[in-house]
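When we follow my numbering, the leftmost residue of the sequence shown carries the number 7, and every step to the right adds one.
A short write-up of the structure that comes next.
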Amino acid sequence: MKKLHLFIAVLFVINLIGCNEQNKKDSVVDNFKYRTEKFADLAILRYQVPGFNDLSLKEKKLVYYLYQAALSGRDMIYDQNYKYNLTVRKTLEAIVNSYSGERSGNDWDNFMVYTKRVWFSNGIHHHYSNKKFFPEISKEFFSSLIDNSDSKLLPLTNGESVSNFSKRITKIIFNPKVAPEMVTFDSNVDVIKNSAVNFYEGVTQKEVENYYKKIIDKKDPHPISYGLNSKMMKVNGKIVEKPWKVGGMYSQAIEKIVFWLEKAAGVAENDLQKNTILKLAEYYKTGDLKVFDEYNKLWVKDTESRVDAVNGFIEVYNDPLGYRGYYESVVSIKDMDATKRIKAIGDNAQWFEDNSPIADRYKKKEVKGISAKVITVVVESGGTSPSTPIGINLPNAPWIRKEFGSKSVNLGNIVYSYNKAGSKESLKEFAYSLEEVDLAIKYGALTS
């Protein structure tokens, strides 16, 4: 039996409220359709953004600018996951947009399932298993799709014919020996050479390990996140790090991010938020990881703003050696009512630490800066989309968390959608009574 994974569609739905006096406040639509379609081992889950209409015009502008900044980095995650993912995606989209043949039948349906899987996984590897997946169509049918699509939309290289391109892209998509696994953690092989992820090129695992052994100072109490925002490669026999910044790798996308961040800073809610956003823009311009640390310290301090955003190269799960971060962004607004509930827990963090069932030597004498809140997601991009987390706890740097604290957030409307779309059969199977089932259905989202 296939394991079913739910994912949140990138497009969000803003609840449009009628002019009825009692409906002036933004709310959740009861008859909203949360689950829309299923294919392969996936299901599409939609979500609403209650509270958006309650924002001021200035706050809505801020959300919009941060929204645009988030989407500006979309192509980076494809390229980071595998160097030919963008070529594959653009080919599939050229077919979807211009194929002149019959758009029905098993072959076409199977092609569309594959296309949706690539959109979902940000590439040709499964989002969870990291294994390459394949279209359930013949190479001949795929070739006919290309031949009957607009060649101007295909990602041809300079002087490349459609025929030669078709052979090249067919090998990338259909050959099981080409990029079989995005990330491998098999200790019996060279994890760099055997991972398709586009973080390294022309280097071995041993070379990477030796490189960082030489430059990392283990005695540094405030180390930068080495390698977080760069691709490592060999140039003329020398190992170099090519940074992801303005003027470096991904410059075109990052320039757009910086443009929208600077627009957002102009309508910030307060000076701290403005300085935080500008510091993030500075980091993208310079690629300086010390500036990224400065940004994180400012971001952690900002607990009062209604609108917030995560944007950057952050999580390192896709690097087999745990250095390089993939692009991700989450733009959100604070759920004021739910935050009051979770804040009560955060305010008593020291009590929970003191009374936790662990040895006293592991308990913190002074719990610092745990900022807990519930947010309503407006948009996600990169590694957080379409497969979304339900919670975020950042920043990742241990020394910043220790000295300045962290933000722990629950993605309220995402959790709500999961609960509304989830199967009730297992609940009925394991609940003690029908009354318990009814209570779980009624209050499940509130207690998640």
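C-beta: ideal position from N, C-alpha, C; glycine also.
Source: prediction; values computed, not measured.
Burial is judged here by how many other beta carbons sit within 10 angstroms of a residue's own beta carbon; Met255 has at least 16 and is buried. Taking each of Val415, Thr345, Asp299 and Ile351 in turn and checking the Cα distance to Ile406, the smallest one comes out for Asp299. The stretch 238–245 makes no contact with the stretch 44–55; the number of CB pairs closer than 8 Å stays below 3. With 16 or more neighbouring CB atoms inside 10 Å of its own CB, His131 falls in the buried class.
Judged by DSSP in its simplified three-state form, Ser157 adopts helix. Residue pairing for Pro249: DSSP places it in a beta bridge opposite Ser236. Per DSSP, the unbroken alpha helix (DSSP H) holding Glu65 starts and ends at Leu63 to Ser78. Between Asp314 and the set Tyr290, Ile283, Leu327 and Ala287, the nearest pair of CA atoms involves Ile283. The criterion of a C-beta distance shorter than 8 Å is satisfied by Tyr329 and Leu234. Ser236 is a Cβ neighbour of Trp250, given a cutoff of 8 Å.
Each of Ser201, Arg174, Thr176 and Asp192 was checked against the Cα of Pro186, and the nearest Cα belongs to Ser201.
Residue pairing by DSSP puts Phe319 in a beta bridge opposite Tyr333. Between the beta-carbon of Ala75 and that of Asn281 there is about 17 Å, and that puts the pair past the 8 Å contact cut. Annotated three-state conformation of Phe45 is strand, per DSSP.
In this structure, DSSP gives Met188 a state outside helix and strand, which the three-state scheme calls coil.
Per the C-alpha coordinates, the member of Glu268, Tyr218 and Ser150 positioned closest to Lys67 is Glu268. A direct Cα-Cα distance of roughly 7 Å separates Arg95 from Val124. Ranked by how close their Cα comes to the Cα of Val69, the residues Gln86, Ile83, Ala270 and Ala259 have Ala270 in first place. Between Tyr290 and Val264 a beta carbon distance of about 5 Å is seen, short of the 8 Å cut, so the two are scored as contacting.
Counting of Cβ neighbours within 10 angstroms places Tyr218 among the exposed residues, the total staying below 16. Per DSSP, the continuous beta strand (DSSP E) segment holding Gly397 begins and ends at Gly397 to Leu400. When DSSP states are grouped into helix, strand and coil, Thr121 belongs to the helix group.
Distances from the alpha-carbon of Asn128 to those of Asn276, Tyr424 and Ser391 put Ser391 closest. A check of alpha carbon separations from Ile320 across Ser335, Arg312 and Thr309 identifies Ser335 as the nearest. Beta-bridge analysis with DSSP links Gln258 to no other residue. Of the residues Thr292, Ser104, Val415 and Lys177, the one whose Cα lies closest to the Cα of Ile260 is Thr292.
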